[in-house]
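A.B. asks: Take a look at the following structure, please.
Residue numbers (mature numbering (1 follows the signal peptide of the UniProt record, and there is no 0)): -17 to -1, 1 to 698.
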């Protein structure tokens, strides 16, 4: 939201900037070429405005001399455009958001826009100039603009190492485990973000903190330290999550923030200090730098004697000098090739090129960012001064070791692991130990699992009858006959008074397993064991089997009110409209549905003989399903509840159970005979027509609802 408001606020500044190229053409032709130099006085950079102007003028003199040497009648000059931020309460880059846009507007209105602009060094100012398509159709050269937000801009060239390059170094260094002094990958870090920091440090640390970079995505642990107190606490905390700390600043900042605190020997602090060449001139190191690796730029490789010393001390000055030399280098190519020079035509040339800078060759990558060899330094324990540990080429992201056996503070000439309490040797032992434990646990688990499966399979194949003496006869007051349908081919639809008894203080039904002699097969025993495990509110409990004399009975939970078919037939005890109203009918259907849902999800999986005579009602009018399972003992028979496909091919399935449920639902709703239809009353004919499937439409029962309400129609 803030960004949108900012764009709306500065949009008027952009509205007149679209034809920049045409206005600037007068300053970029006829052998006269102008560079616009934006001089914004910032406290975030060491160079004064006067020093920057002097650097640009000296560079222009060198460019002009080179053209004269080749006999070219070319004039290159600079127009300086100062901008004061004295009106702001807070000075520096963080208040520069609109300054660059305002200044370029002023240059445009004055008609002095040339071939290229040496633009602001602040990321905030530069971003606003390159983030909108309407801005600048000519090269913008920045000595700074380090932030990730300025990456990959088509007309922006950066001559100081951007945060993207620093981030890539850390990504590859963390990943590298093939160096003689670093044999493990790192996956954790503490990032110490100091409050008082330079413009470069601000964006270098912000890039490391950003979650969208390859470096951050690789890390398994990352935490931000914001105060020196937090830093001091971490370096001596044995329970810290990482041994590696990244900070940006100078050795003096390390001394100030750590003070005299004792630093654990496993701690590695990486100090980003790119623009400080004192490490190579005065390379003596202090004791507080023993645990510190310094990431910096290599010493300058120069061949000039005049005005060189000042630029060795100040990379910012050298950057402005190089900006002019870069423009002269590109312009010279155009002049020699006799190509027309235009601001827009120059843009693509400020990429993939190498030119001679004030301190040596300067290379730009395909995105216009400067490439260099970053150098990582360590403190020698014997010489007590800084020595190079490795070099990192930002052009190809290749690491080159500077030594095989550095004499730094860490043991065995190797950097420690990033994880506290571990090292190459300890880590190896831990890995082998853990691997052995895991393998041992797996073997033991497999043995136990195998034994459990065998025992379980063995138990499932065993079956023992309930001792007949545990089945007690009922007393006279407890005697009650229950009418249930019997699944026997010989008796068909006849009703038999099933025996009752008492088992474990519960009234039970003894159902005659007519087709069994008690010598069950392994498959039948497994089915019976599955039935024993079924325990649900809407399913009758199966207790086992009992052998009385020569007969085998199933011992099943007793329900006092008999079968659902009996209840539906008894319209005197259960009249319509009062007892057997719609609420009760819905409740009955819901009970059956719950029982079947549980049964289908259990090991039994399917009923196979679902019908209203196998749904029984207890004394609380709760419907329970009985006679399920044991399909190998009690094979399915042909009934009006049986699905057509199972009538044709004797089988059972869950879909067949759903069909049976529909037939029962019709019985409940209409309270008529099973499979009621006005066109056919004979059960044998109904069974034949369902099984044969002859006719235009499948033969189905009627569902006539003439006097029902809207809610009943939904049911």
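The beta carbon of each residue, even a glycine, is placed where N, CA and C say it ideally should be.
Bear in mind the structure is a predicted one, so any value in this text is a computation, not a measurement.
1) In three-state DSSP terms, what is residue 64?
2) For residue 249 versus residue 215, is the C-beta spacing smaller than 9 Å?
3) Just reading off the beta strand (DSSP E) that residue 370 is part of, what are its end residues?
4) Starting from the Cα of residue 65, find the closest Cα among 105, 19, 107 and give me that residue.
5) Do residue 39 and residue 63 have their CB atoms nearer than 9 Å?
6) In chain order, what residues of the same chain have a beta carbon less than 6 Å from the beta carbon of residue 348, not counting five sequence neighbours either side?
7) For the alpha helix (DSSP H) that residue 551 lies in, which residues bound it at each end?
8) Say whether the stretch 589 to 603 touches the stretch 633 to 648, bearing in mind that this needs 3 or more beta-carbon pairs closer than 8 Å, one atom from each stretch.
9) Could you check how far apart the C-beta atoms of residue 131 and residue 190 are, in whole angstroms? I think they sit under 8 Å.
10) Which residue comes first and which comes last in the alpha helix (DSSP H) that contains residue 667?
11) Suppose only complete runs of 3+ residues qualify. What are the beta strand (DSSP E) ranges in the stretch 322 to 370, listed by chain order?
12) Buried or exposed, going by whether 16 or more other CB atoms sit within 10 Å of the CB of residue 366?
13) Please classify residue 572: does DSSP put it in a helix, a strand, or coil?
14) For the beta strand (DSSP E) that residue 495 lies in, which residues bound it at each end?
15) Residue 308 to residue 199, Cα distance in whole Å?
16) For residue 134, which residues in the same chain have their Cβ closer than 6 Å to its Cβ, ignoring the five residues on either side in sequence?
17) Residue 316 and residue 332 - do their beta-carbons sit closer together than 9 Å?
18) Determine the DSSP secondary structure at residue 388, reduced to helix, strand or coil.
19) Which runs of the beta strand (DSSP E), 3 residues or longer, sit entirely within the stretch 500 to 552?
20) Does the Cβ of residue 82 lie closer than 8 Å to at least one heavy atom of the ligand SAH?
21) So, under 8 Å CB-CB, residue 589 and residue 637 are touching, yes? Tell me the CB distance rounded to an integer number of Å.
22) Which value, in whole angstroms, describes the spacing of the CA atoms of residue 503 and residue 580?
23) Near residue 258, which residues of its chain fall below 6 Å by C-beta distance, leaving aside the five closest residues on each side in sequence?
24) Terminal residues of the continuous beta strand (DSSP E) containing residue 316?
25) Under 6 Å Cβ to Cβ from residue 493, same chain only, skipping five residues before and after it: list those, please.
26) DSSP three-state call for residue 189: helix, strand or coil?
27) State the Cα-Cα distance for the pair residue 440 and residue 587, rounded to the nearest angstrom.
28) Only counting runs of 4 or more residues, tell me where the alpha helix (DSSP H) segments fall wholly within the stretch 117 to 160, in order along the chain.
29) Using only the alpha-carbon positions, how far apart do residue 420 and residue 435 sit?
30) Leaving out five residues on either side along the sequence, give the residues of the same chain with a beta carbon under 7 Å from the beta carbon of residue 495.
31) Between the Cα of residue 577 and the Cα atoms of 545, 519, 253, 631, which residue gives the shortest distance?
32) From what residue to what residue does the beta strand (DSSP E) around residue 680 run?
33) Just grab the DSSP bridge partners of residue 162 for me.
34) Ordered along the chain, which non-local residues of its own chain (more than five positions away) have a Cβ less than 6 Å from that of residue 614?
35) Does DSSP put residue 595 in a helix, a strand or coil?
36) Just grab the DSSP bridge partners of residue 484 for me.
C.D. replies: Let me spell this out:
1) strand
2) no
3) 369 to 376
4) Checking every option, the nearest Cα to that of residue 65 belongs to 19.
5) The answer is yes: Cβ separation under 9 Å.
6) 354
7) 547 to 552
8) yes
9) 5 Å
10) 666 to 675
11) 336 to 340, 343 to 347, 356 to 362
12) With fewer than 16 other Cβ atoms within 10 Å, it is exposed.
13) helix
14) 489 to 495
15) Roughly 37 Å separates the two Cα atoms.
16) Beyond the five residues adjoining it in sequence on each side, residue 134 comes within less than 6 Å, by CB distance, of 147 in the same chain, given in chain order.
17) If you check the CB distance, residue 332 and residue 316 come in under 9 Å.
18) coil
19) 525 to 531, 534 to 540
20) The ligand content of the structure shown is nil, which means the ligand SAH is not present either.
21) Contact flag correct, Cβ pair sits at about 5 Å.
22) 28 Å
23) 298
24) Segment 298 to 320 is the alpha helix (DSSP H) holding residue 316; no beta strand (DSSP E) there.
25) 482, 484, 536
26) helix
27) 16 Å
28) 146 to 158
29) 22 Å
30) Contacts found: 534, 536.
31) The residue from 545, 519, 253, 631 with its alpha-carbon nearest to that of residue 577 is 519.
32) From DSSP, residue 680 is part of no beta strand (DSSP E); its letter is neither H nor E.
33) 165
34) Setting aside the 5 residues that flank it on each side, residue 614 is surrounded in the same chain by 591, 635, each with a C-beta closer than 6 Å to its C-beta; the list follows chain order.
35) helix
36) The bridge partners DSSP lists for residue 484 are 491.
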